[in-house]
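For reference, the structure discussed in these notes is given below.
There are 2 protein chains.
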Amino acid sequence: MATRTDAPTRREQILKEAARLFAERGFHGVGVDEIGAAVGISGPGLYRHFAGKDAMLAELLVGISGQLLTGAKRRLAEAGRVAGSTTGPGAGSGAGPEAVLDSLIEGHIDFALDDRPLITLHDRELDRLRDSDRKLVRQLQRQYVELWVGVLREVYPAVAEPSARSAVHSVFGLLNSTPHLGRSGSLPGRGATAALLHRMARGAFAAVAEDGRG
Amino acid sequence: MATRTDAPTRREQILKEAARLFAERGFHGVGVDEIGAAVGISGPGLYRHFAGKDAMLAELLVGISGQLLTGAKRRLAEAGRVAGSTTGPGAGSGAGPEAVLDSLIEGHIDFALDDRPLITLHDRELDRLRDSDRKLVRQLQRQYVELWVGVLREVYPAVAEPSARSAVHSVFGLLNSTPHLGRSGSLPGRGATAALLHRMARGAFAAVAEDGRG
DNA sequence: CCTTCAGGTTAACGACCGCTAACCTCCCTG
DNA sequence: CAGGGAGGTTAGCGGTCGTTAACCTGAAGG
Numbered sequence: 001m002a003t004r005t006d007a008p009t010r011r012e013q014i015l016k017e018a019a020r021l022f023a024e025r026g027f028h029g030v031g032v033d034e035i036g037a038a039v040g041i042s043g044p045g046l047y048r049h050f051a052g053k054d055a056m057l058a059e060l061l062v063g064i065s066g067q068l069l070t071g072a073k074r075r076l077a078e079a080g081r082v083a084g085s086t087t088g089p090g091a092g093s094g095a096g097p098e099a100v101l102d103s104l105i106e107g108h109i110d111f112a113l114d115d116r117p118l119i120t121l122h123d124r125e126l127d128r129l130r131d132s133d134r135k136l137v138r139q140l141q142r143q144y145v146e147l148w149v150g151v152l153r154e155v156y157p158a159v160a161e162p163s164a165r166s167a168v169h170s171v172f173g174l175l176n177s178t179p180h181l182g183r184s185g186s187l188p189g190r191g192a193t194a195a196l197l198h199r200m201a202r203g204a205f206a207a208v209a210e211d212g213r214g
Numbered sequence: 001m002a003t004r005t006d007a008p009t010r011r012e013q014i015l016k017e018a019a020r021l022f023a024e025r026g027f028h029g030v031g032v033d034e035i036g037a038a039v040g041i042s043g044p045g046l047y048r049h050f051a052g053k054d055a056m057l058a059e060l061l062v063g064i065s066g067q068l069l070t071g072a073k074r075r076l077a078e079a080g081r082v083a084g085s086t087t088g089p090g091a092g093s094g095a096g097p098e099a100v101l102d103s104l105i106e107g108h109i110d111f112a113l114d115d116r117p118l119i120t121l122h123d124r125e126l127d128r129l130r131d132s133d134r135k136l137v138r139q140l141q142r143q144y145v146e147l148w149v150g151v152l153r154e155v156y157p158a159v160a161e162p163s164a165r166s167a168v169h170s171v172f173g174l175l176n177s178t179p180h181l182g183r184s185g186s187l188p189g190r191g192a193t194a195a196l197l198h199r200m201a202r203g204a205f206a207a208v209a210e211d212g213r214g
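Here it is as structure tokens:
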């Protein structure tokens, strides 16, 4: 998460290209030879860096989920509040839950715009993992969702928990739609796109609250 | 689109099971033997009904896109208005564009809730098609999107066209999130889920209009 | 009763894929 | 200047997959 200035290592190159290829053609649709070719080496040379094709996917997916969760926790902490305590409502100290929600949305949008292949993989190739890895990824994802649900219900206390959870999943679907927004074509600049997505996410959440005790 | 009462033909069984399997494990992740086993026959027996595995996927994707577009056109026509004319604005006769938008949303939600595997395939396995089929599907999808964009801009005339198109894609992402909403688990009933999604879609669109000349 | 044909079956082929084995070649270090 | 490990290479094995070939069967029709 630290700002990197040095050149990317071979391992990172491989992961990046593998992510792009997996997103484009699916995990089973890409051969190890193609991944190797994408970084200038060929075929089995990858096995000097990874235990196998599965290991690349696992590292990608665990990395994505962990990065999302870590970023969200950091943003929640930066708001000067205490996260994760399930002890009950009313514990919020101050610093505007609305601002925290905005920060979460902003973070997710940044990720969706900067790492489109990863966001594609994230909800597409999960079932191709070994059981243990899949469980880990799902656990990280669940924590991420629950973190959002908690913040959302502080902003809109009237919304029941199942509705809040569904709403969060749906807004993820909205924010993760970036790969479909013109292949770097007509979209009116990154900033405008981010602003648009942010406004829509807030609008969708607000609509849940209007008569939203489901 | 007519209401069917007779038993499904073997071809339809195959398509349905293939859709489910493709959605679960990806096109390349499913073998023809599995598809055959899912309908009680085994392996190469499928070739009495389809030219090959690719043909099944093609028929599924073309069918989905066509069904969505046809349904949307019908709903637009049922509102007693004229569709598709690019001759300019101001041609709307009456019957509330808001109602048309609601009808489009309702139709898409019905599809997303009733045919989750298909909605998953729809934006996931498109690149596995032969060029001609892929072009056809993309053309149908584009018409569908443009139809939505037209209706949306009648409801919110201040929204610029690129913003409207992005907004439509994003709302599709929201509505298509149904596969992630609990594997038939805790979601509070089909009707409530549909209503929630509908409200969120409207809220997202409304938020585009608020200061939304992007 | 014979034919035909739709809709199956199993066997097998050829291609491809993930992975390993064996080998090579720098470059760094003592 | 050894030498050893990091990071490549090519050859090839074993398994899987899509597809075809050849054969079977039961029901419909004249």
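First to last, the sequence lines map onto chains A and B. All residue numbers for the first sequence refer to full-length UniProt numbering, where the first residue is 1 and numbers rise by one. All residue numbers for the second sequence refer to full-length UniProt numbering, where the first residue is 1 and numbers rise by one. Every residue gets a Cβ at the ideal spot worked out from N, C-alpha and C, and that includes glycine. Note that this is a predicted model, so its numbers are computed, not measured.
Whole-angstrom distance between residue j and residue i, CA atom to CA atom
i	j	result
G173 (chain B)	Q143 (chain A)	22 Å
G43 (chain B)	A19 (chain A)	32 Å
R138 (chain B)	E78 (chain A)	44 Å
K16 (chain A)	P8 (chain A)	10 Å
A194 (chain B)	I35 (chain B)	31 Å
A58 (chain B)	N176 (chain B)	20 Å
residue 231 (chain A)	P117 (chain A)	Since the first residue shown for chain A is 1 and the last is 214, residue 231 (chain A) is missing from the structure and cannot be characterised.
E12 (chain B)	F50 (chain B)	11 Å
R134 (chain A)	D54 (chain A)	12 Å
L126 (chain A)	A95 (chain B)	45 Å
V208 (chain A)	R48 (chain B)	49 Å
G66 (chain A)	K73 (chain A)	10 Å
L46 (chain B)	V32 (chain B)	8 Å
A38 (chain A)	L129 (chain A)	23 Å
L76 (chain B)	V159 (chain A)	33 Å
P97 (chain B)	G52 (chain B)	44 Å
V149 (chain B)	Y156 (chain B)	10 Å
L68 (chain A)	D131 (chain A)	21 Å
I109 (chain B)	E24 (chain A)	27 Å
D114 (chain A)	G191 (chain B)	36 Å
G40 (chain B)	V30 (chain B)	16 Å
Under 9 Å by beta carbon: chain A residues contacting residue i
i	result
R25 (chain B)	H28, D127, R128
Listed by chain order, chain B residues near residue i by CB distance under 8 Å
i	result
A99 (chain A)	None at all; the shortest Cβ gap to chain B is about 18 Å.
R134 (chain A)	Going along chain B, no residue has its Cβ under 8 Å from R134 (chain A), so there is no contact; the nearest lies around 13 Å.
A167 (chain A)	L196, M200
Endpoints, alpha helix (DSSP H) assigned at residue i
i	result
F205 (chain B)	190 to 209
D33 (chain B)	32 to 38
P97 (chain A)	97 to 114
P162 (chain B)	161 to 175
Y144 (chain B)	131 to 155
D54 (chain B)	53 to 78
A158 (chain B)	Run containing A158 (chain B): none; DSSP gives neither H nor E here.
A18 (chain B)	10 to 25
Where residue i meets chain A, residues with beta-carbon distance less than 8 Å
i	result
G173 (chain B)	G173, L174, L175, N176, S177, H180
A204 (chain B)	L174, M200, A201, G203, A204, A207
For residue j and residue i, believed in contact at Cβ under 8 Å, the rounded distance
i	j	result
I105 (chain B)	H198 (chain B)	5 Å
V145 (chain A)	R165 (chain A)	7 Å
G71 (chain A)	G107 (chain A)	5 Å
M56 (chain A)	S170 (chain B)	Not really, about 30 Å apart at Cβ, beyond 8 Å.
L147 (chain A)	L101 (chain A)	Not confirmed; about 11 Å, so no contact.
G203 (chain A)	A204 (chain B)	5 Å
G26 (chain B)	H122 (chain A)	No, G26 (chain B) and H122 (chain A) are not in contact; Cβ-Cβ is about 15 Å, not under 8 Å.
S163 (chain B)	L181 (chain A)	The pair is not a contact, with the Cβ atoms about 11 Å apart (cut-off 8 Å).
Cross-chain neighbours of residue i in chain B, by beta carbon under 7 Å
i	result
S103 (chain A)	Per Cβ cutoff of 7 Å: no residues; S103 (chain A) is ~18 Å from chain B at best.
T193 (chain A)	S166
Neighbour list for residue i in chain B, Cβ cutoff strictly below 9 Å
i	result
E210 (chain A)	R199, G203
Given a limit of 9 Å on CB to CB distance, which residues of the region 42 to 60 of chain A reach chain B?
none
Contact set between the region 108 to 126 of chain A and chain B, restricted to residues whose Cβ is under 8 Å from the partner
D123, R124, E125
Taking only beta carbons into account, state which residues of the region 61 to 80 of chain B come closer than 7 Å to chain A, listed in chain order.
none
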